[in-house]
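Asks: Handing you a structure now.
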Amino acid sequence: MKNKSENNSTIANFIWRFTERTAAQLVTFVVSIILARILSPEYYGTIALVTVFTTILQVFVDSGLGTALIQKKDADDLDFSSVFFFNMFMCVVLYIVMYIASPYIAAFYNDKGLTPIIRFISLTIIISGVKGIQQAYVSRNMLFKRFFFSTIGGTVASAIIGIFLAYKGYGVWALAIQQVSNTAIDTLILWLTVRWKPKFMFSWQRLKSLLKFGWKLLVSALLDTVYNNLRNLMIGKIYTSSDLAFFDQGDKLPKVIATNINISIDSVLLPTLSKVQDKVEEVRLLTRRAIRISVYIVAPLMIGFACCAESLVSLVLTDKWLPCVPFVRILCVSYMLWPIHTANLNAIKAMGRSDIFLKMEVIKKVVGIALLVSTIGFSVKAMAYGVLLECVIAQIVNSIPNKSLLNYGYIDQLKDVLPTLALSGVMGIVVYYIGILPLPQLLGVVVQILTGMIIYIVGSYLLRFDEFRYIMSKV
């Protein structure tokens with residue numbers, strides 16, 4: 001009875017998290033369409049470049065200690081408050097660093113206009129620090145309904161602000177102000193809706209014990225974030241702002257879909273696995289189900305998007321964004337199996353093996369940097385293929401420890417998702433060939449989407465996919 005209750009709670013929290021991400025990304029997607037039609041790709045390239053630096057520093061807010069609080073079985077107010085004040089101190093220091101460094105960054109890219117933009121967007125570091133431990137509290141206590149209201153409130157309000165400023169001719173500042181206001185409003189709503197508030201208490205001993213677990217995750221996340229953003233830094237320096245904008249947009253479009261599902265599963269799966277970390281069989285079963293369900297959802301979306309990317313980009317963003325289509329297609333394949341990556345890492349983290357986590361990240365980043373160095377001199381497209389190859393290698397590396405920890409290795413995982421990939425592939429072929437028929441653009445896209453949905457749903461029903469029946473039983 002208890003297991004059934006926990007299972008229902010996990011499903012309910014996943015639904016809340018998934019709904020939150022879906023609604024937020026839908027609003028963001030609609031806003032990005034409107035702004036992309038108004039603003040030039042160069043503006044997006046500028047913001048993408050600035051965001052690289054703030055994203056790297058954001059790791060100190062989002063990773064390590066927050067995860068340590070979720071993983072610790074008996075975390076209390078003293079733990080949370082200690083981490084909160086430590087985080088705030090670090091965030092202020094990081095902002096000062098960015099404020100001082102901004103002119104030098106602008107000089108490196110030969111663009112003096114970057115200085116005020118960097119200083120303004122860097123405010124998100126301090127704002128995120130205010131809500132970082134609140135997020136850990138919400139995740140630990142499975143209160144994901146709170147995320148729904150804060151995320152949607154911030155997304156909608158900042159969308160209105162961004163569109164208004166873009167129409168008023170604020171250019172790149174419309175994008176910058178939208179980004180900062182989103183974080184600020186999200187933080188405000190979360191503070192108003194979550195009961196926990198930091199208390200004036202601090203324990204260095206408690207903090208040290210959390211740092212002992214969290215620093216390895218922090219370093220791992222930092223390596224991952226620096227590496228993932230290194231491409232944008234290099235593209236911005238070696239190529240043009242437009243090239244960076246097209247690559248970034250090509251990455252962003254499929255990432256919106258994959259991240260939406262991936263974050264939902266990630267935020268629910270880690271605390272769920274942490275509660276049963278001593279029961280290897282339960283961890284294995286939960287990890288297996290997470291992989292099968294998430295790939296079942298993500299794969300058809302990625303393949304379908306890749307097959308009708310040209311028509312969709314032209315219709316939605318206008319022809320000035322068509323150069324991003326090759327990147328969309330390549331990176332859709334990369335993100336298709338991303339849930340396997342996440343589920344494997346969550347299983348390792350939940351079992352308290354952060355030592356393995358760090359070693360894997362070092363191996364993956366060495367391989368990734370080698371691929372980046374070997375492709376950067378050819379073209380931006382070659383760099384995108386490097387991302388795809390790195391993703392495949394990362395899947396294998398992440399799964400190796402779970403072969404011994406859970407008796408659930410990469411071959412077993414591929415066998416679990418192979419039927420889904422096969423059905424998605426058949427659907428993709430049909431969708432692609434519909435796209436070359438002489439149909440009006442809007443009608444063609446609608447026919448492609450509807451046909452893809454029918455093929456996938458009917459195929460799942462006829463082939464009796466367990467994932468399909470499981471999802472339908474929960475609807």
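For the sequence shown, the UniProt record's numbering begins at 1 and goes up steadily by one.
Where is the CB? At the ideal position from N, CA and C, for every residue including glycine.
Please read these numbers as outputs of a predicted model, since none were measured by experiment.
Just to confirm the assignment, what range does the alpha helix (DSSP H) spanning K131 have?
Replies: Within the sequence shown, numbered from 1, the residue matching residue 131 stands at position 131. Element bounds for K131: L123 to R140.
Asks: Alpha carbon to alpha carbon, what distance is there between N232 and I238?
Replies: One-based indexing of the sequence shown puts residue 238 at position 238. One-based indexing of the sequence shown puts residue 232 at position 232. One C-alpha to the other measures close to 10 Å.
Asks: Since I believe E42 is in contact with A245 (beta carbons under 8 Å), could you give me their beta-carbon distance rounded to a whole number of angstroms?
Replies: By one-based count along the sequence shown, residue 245 stands at place 245. By one-based count along the sequence shown, residue 42 stands at place 42. With a Cβ gap of about 7 Å, A245 and E42 count as contacting.
Asks: With 16 as the cutoff for other CB atoms within 10 Å, does Q179 come out buried or exposed?
Replies: The residue labelled residue 179 in the question sits at position 179 within the sequence shown. Q179 should be labelled buried.
Asks: Report yes if the C-beta distance between L210 and K112 is below 8 Å; otherwise report no.
Replies: Taking the first residue of the sequence shown as position 1, residue 210 is located at position 210. Taking the first residue of the sequence shown as position 1, residue 112 is located at position 112. Their beta carbons are not under 8 Å apart, which means L210 does not touch K112 by this criterion.
Asks: At which residue ranges does the stretch 300–338 contain complete beta strand (DSSP E) runs of 3 or more residues, listed in the order of the chain?
Replies: Listed in chain order, nothing qualifies, since the stretch 300–338 has no complete beta strand (DSSP E) run of 3 or more residues.
Asks: Is it buried or exposed, K2, if we count other Cβ atoms within 10 angstroms and call 16 or more buried?
Replies: Counting from 1 along the sequence shown, the entry for residue 2 is found at position 2. Bear in mind that a pLDDT of 47 at K2, under 50, signals an unreliable position, so the number given afterwards is only what the model happens to contain. The residue in question, K2, is exposed, as its Cβ has fewer than 16 Cβ neighbours within 10 Å.
Asks: First and last residue of the alpha helix (DSSP H) that includes T240?
Replies: One-based indexing of the sequence shown puts residue 240 at position 240. Where T240 is concerned, there is no enclosing alpha helix (DSSP H), given that its DSSP letter is neither H nor E.
Asks: So, using beta-carbon positions, are T150 and I189 closer together than 8 Å?
Replies: Within the sequence shown, numbered from 1, the residue matching residue 150 stands at position 150. Within the sequence shown, numbered from 1, the residue matching residue 189 stands at position 189. Note on residue identity: the sequence assigns Ser, not Thr, to residue 150. Yes, the Cβ-Cβ distance between S150 and I189 is below 8 Å.
Asks: By Cβ distance below 7 Å, which residues in the same chain neighbour M234 in space, the five residues on each side in sequence not counted?
Replies: Position 234 of the sequence shown holds residue 234. Taken in chain order, the residues that qualify are I376.
Asks: Under a Cβ-count criterion, where at least 16 other Cβ atoms within 10 Å of its own Cβ denotes burial, should I96 be classed as buried or exposed?
Replies: In the sequence shown, counting from the first residue as 1, residue 96 sits at position 96. It is exposed - the Cβ of I96 has fewer than 16 other Cβ atoms within 10 Å.
Asks: Can you give me the start and stop residues for the alpha helix (DSSP H) that Y410 sits inside?
Replies: Taking the sequence shown and counting its residues from 1, the one referred to as residue 410 is at position 410. It spans Y410 to G435 - the alpha helix (DSSP H) in which Y410 sits, taken as one unbroken run.
Asks: Return yes when the Cβ of Y335 is within less than 8 Å of the Cβ of A382, no when it is not.
Replies: Position 382 of the sequence shown, counting from 1, holds the residue named residue 382. Position 335 of the sequence shown, counting from 1, holds the residue named residue 335. No, the Cβ-Cβ distance between A382 and Y335 is not below 8 Å.
Asks: Would the stretch 33–49 count as touching the stretch 163–174 if we require 3 or more Cβ pairs under 8 Å?
Replies: Cβ pair count under 8 Å is three or more, so yes.
Asks: Buried or exposed for F108, going by 16 or more other Cβ atoms inside 10 Å?
Replies: Numbered from its first residue, the sequence shown carries residue 108 at position 108. The residue is exposed, with fewer than 16 neighbouring Cβ atoms inside 10 Å.
Asks: Would you kindly report the start and end of the unbroken alpha helix (DSSP H) that includes A106?
Replies: Within the sequence shown, residue 106 is the residue found at index 106, counting from 1. Here the alpha helix (DSSP H) through A106 covers D77 to F108.
Asks: Which residue wins for smallest C-alpha separation from L462, given the options V31, V325, A306 and P419?
Replies: Taking the first residue of the sequence shown as 1, we reach residue 462 at position 462. For L462, the nearest C-alpha among the options comes from P419.
Asks: With a threshold of 6 Å on Cβ separation, who are the neighbours of M88 within its own chain once the five nearest residues in sequence on each side are excluded?
Replies: Here residue 88 refers to the residue found at position 88 when the sequence shown is read from its first residue. Taken in chain order, the residues that qualify are G129.
Asks: Beta carbon of Y408, beta carbon of R206: below 8 Å?
Replies: Residue numbering aside, residue 408 sits at position 408 when the sequence shown is read from its first letter. Residue numbering aside, residue 206 sits at position 206 when the sequence shown is read from its first letter. No, they are not a contact pair.
Asks: Taking the alpha carbon of V52 as the point to measure from, which residue in S220, V226, D243 and V30 has its own alpha carbon closest?
Replies: Mapped onto the sequence shown, residue 52 falls at position 52. For V52, the nearest C-alpha among the options comes from V226.
Asks: Taking the alpha carbon of G386 as the point to measure from, which residue in R288, S314, N228 and G154 has its own alpha carbon closest?
Replies: Position 386 of the sequence shown holds residue 386. Here the closest residue by C-alpha is N228.
Asks: Is the Cβ-Cβ distance between I121 and T46 less than 8 Å?
Replies: Taking the first residue of the sequence shown as 1, we reach residue 121 at position 121. Taking the first residue of the sequence shown as 1, we reach residue 46 at position 46. No, the pair does not count as a contact, with Cβ atoms beyond the cut-off.
Asks: Assuming the contact rule is C-beta atoms closer than 8 Å, N344 and S294 should be a hit. Round their C-beta distance to whole Å, please.
Replies: Locating residue 344 in the sequence shown gives position 344, where the first residue counts as 1. Locating residue 294 in the sequence shown gives position 294, where the first residue counts as 1. Not a contact, Cβ separation roughly 12 Å.
Asks: By the DSSP assignment, the alpha helix (DSSP H) with G444 in it spans what residues?
Replies: Walking along the sequence shown from the start, residue 444 turns up at place 444. Run containing G444: Q441 to L462, per the alpha helix (DSSP H) assignment.
Asks: Report buried or exposed for W321, applying the criterion of at least 16 other Cβ atoms within 10 angstroms of its Cβ.
Replies: Here residue 321 is taken as the residue at index 321 of the sequence shown, counted from 1. Result: buried.
Asks: Taking the alpha-carbon of D416 as reference, which of E467, S102 and V392 has the nearest alpha-carbon?
Replies: Here residue 416 corresponds to residue number 416 of the sequence shown, with the count starting at 1. Considering only alpha carbons, the answer is E467.
Asks: For the putative contact between D251 and F327, defined by C-beta atoms under 8 Å, what is the C-beta separation to the nearest angstrom?
Replies: Residue 251 sits at position 251 when you count from the first residue of the sequence shown. Residue 327 sits at position 327 when you count from the first residue of the sequence shown. D251 to F327, Cβ: 6 Å. Contact.
Asks: Below 8 Å, can you find three or more Cβ-Cβ pairs linking the stretch 305–318 to the stretch 361–380?
Replies: Touching, no, given that fewer than three Cβ pairs across the two stretches are closer than 8 Å.
Asks: Buried or exposed for T318, going by 16 or more other Cβ atoms inside 10 Å?
Replies: For the purposes of this step, residue 318 is taken as residue 318 along the sequence shown, with counting starting at 1. When all chains shown are included, T318 counts as exposed.
Asks: Using 7 Å as the cut-off, classify the Cβ of I38 as near or not near the heavy atoms of the ligand SAM, replying yes or no.
Replies: Here there are no bound small molecules, and the ligand SAM is not part of this structure.
Asks: Jot down the residue ranges of each uninterrupted beta strand (DSSP E) in the stretch 377–411, minimum 3 residues, whole runs only, in chain order.
Replies: Those beta strand (DSSP E) runs which fall completely within the stretch 377–411 and span 3+ residues do not exist here.
Asks: Closest by CA to V430, which one among L442, L414 and I454?
Replies: Counting from 1 along the sequence shown, the entry for residue 430 is found at position 430. Closest by alpha carbon: I454.
Asks: Is the distance from the Cβ of N402 to the Cβ of A347 below 8 Å?
Replies: Stepping through the sequence shown from its first residue, residue 402 is reached at position 402. Stepping through the sequence shown from its first residue, residue 347 is reached at position 347. Yes, these two residues count as a Cβ contact at 8 Å.
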